[in-house]
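In the working numbering, the protein residues as written are 82 to 369.
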C-alpha cells in the first residue's frame, strides 16, 4: 500500500501538510486496517478523556490526585500506550508492505508495549527532574535574595512558568517521537529512543511544537467548548446522549489523526536527516 503521495518529499512538508498526509492514511486504511484498533483502544481512550477532562499532557504533569483521579489518569496512561502501540505498529506494517490484521497486531502489542513502558519511564524521570528544577530553583533564589514581597514573588514565579511551559512541551514532543522510534526501530527504546528522538528533532522542533499545539488545541476545543456545553443543554436525555456520541467521535478522530501524525512526522524527520527506513529490515522486525 502506497502511504504517501511522494515519500521522498516528506522532509519538505510543514505541519499542516503532515496532518494532510495523516488524514490520507486514515481515509485509505480506516475501514480495513484501523477500525477494530480504533474500537478497542482509541475509543475507550477518548471516552476517558471526555469523562475526566484530561488529555495526554496530564500524564506528564506532576501533581497530587484523589483516588478516582488517579484511576482516571492510570486508565488514560494505559490506553494511550496501547493505542500508540497498535496504531504505530499498523502504520509501520503498511509502510513495509506487510500484511496486517487486527489479531496479529494484538499479539505484537505486548512486546511493543514493553518498549513503550521503558521509554515512558525515562520520560517520567526527566519530567520529575524538570518539575523539581521548576520548584527548587525559584524557591532557592527567593530564599537567597530574601524576597517577601508578594508582587515580586508572583512576578518571579510567572517568569519561571513561562520558561517551564516550552520545556514541558518539548518533553512531550520528544516522548511522542521516541514512542514511534520504540515501536519501529529494532532494539531502540528507553534511553536510546530518547537520544534518537533528540537527534531527529534537530531542525524540526518548531514543526513538532506546532503539531503538538494543534493537537492539544483540538482536544481542548472538543472537551471544553463542545462536549461540556452540550452536556448543559436542557434537552431530552436521548438527544443529549446522541450529541455526546458526536463529541466522542470527534475526539476519536482527533486522537487517531494525532497518532497517525506522529508516524508521518517520524518518517519526515528520518528523511530530513537522510536516514533511510529500510523496508526489508522493518518487515522482518515487525514479524514478517
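Backbone N, C-alpha and C fix where the C-beta goes; we use that ideal spot for every residue, glycine too.
What does a CB cutoff of less than 8 Å around residue 347 pick up in its chain, not counting 5 residues either side in sequence? 258, 261, 262, 265, 281
Using the Cβ count rule (16 or more neighbours within 10 Å means buried), how would you classify residue 283? exposed
Any chance you could list the beta strand (DSSP E) runs of at least 3 consecutive residues sitting entirely within the segment 158-186, in chain order? none
Roughly how many angstroms separate the alpha carbons of residue 197 and residue 151, rounded to a whole number? 20 Å
Helix, strand or coil, according to DSSP, for residue 82 in the structure here? With a pLDDT of 42 at residue 82, under the threshold of 50, the modelled position of that residue is not reliable, and no figure is offered here.
Buried or exposed by the 16-neighbour rule on C-beta atoms within 10 Å, applied to residue 100: Label assigned to residue 100: buried.
Tell me whether the beta-carbon of residue 131 lies closer than 7 Å to the beta-carbon of residue 308. yes
Short Cβ contact (7 Å threshold) for residue 370 with residue 175: One cannot answer for residue 370 here, as it falls past the ends of the chain, which runs 82 to 369.
Should the segment 203-218 be called in touch with the segment 293-300, which here means at least 3 C-beta pairs below 8 Å? With the cut-off at 8 Å, the segment 203-218 and the segment 293-300 do not touch.
Distance, residue 321 Cα to residue 75 Cα: Residue 75 lies beyond the stretch modelled for the chain, which goes from 82 to 369, so this question has no answer here.
How far does the alpha helix (DSSP H) with residue 361 in it extend, from its first residue to its last? 360-366
In the structure shown, what three-state DSSP assignment does residue 267 receive? It is coil, neither helix nor strand.
By Cβ distance, which residues of its chain are closer than 7 Å to residue 354, with the 5 residues on each side in sequence left out? Hits under 7 Å: 281.
Would you mind giving the Cβ-Cβ distance between residue 168 and residue 341, rounded to the nearest angstrom? I have them listed as a contact below 8 Å. 7 Å
I'd like the span of the alpha helix (DSSP H) that includes residue 321, first residue to last. 318-353
Distance between beta carbons of residue 117 and residue 170, contact taken as under 8 Å: At roughly 13 Å, the Cβ-Cβ gap does not stay under 8 Å, so residue 170 and residue 117 are not in contact.
Alpha carbon to alpha carbon, what distance is there between residue 229 and residue 107? If you draw a straight line from the Cα of residue 107 to the Cα of residue 229, it is about 55 Å long.
How would you call residue 269, buried or exposed, if buried means at least 16 neighbouring beta carbons within 10 angstroms? buried
With a CB to CB cut of under 7 Å and the five nearest residues on each side skipped, what residues in its chain are close to residue 173? Counting only Cβ-Cβ distances below 7 Å, and skipping sequence neighbours, we find 264, 265, 363, 367.
Distance, residue 133 Cα to residue 244 Cα: 28 Å
Buried or exposed for residue 140, please, with buried defined as at least 16 other CB atoms from any protein chain shown within 10 angstroms of its CB. In this prediction, residue 140 has a pLDDT of 46, which is less than 50 and means its spatial position is unreliable; what the coordinates show is noted afterwards. Classification for residue 140: buried.
Ends of the alpha helix (DSSP H) at residue 294? 286-301
If residue 333 and residue 200 are in contact, beta carbons under 8 Å, what's the gap, nearest whole angstrom? Here residue 333 is actually not in contact with residue 200; their C-beta atoms are around 24 Å apart, not less than 8 Å.
For residue 95 and residue 365, what's the separation of their Cα atoms in angstroms? 31 Å
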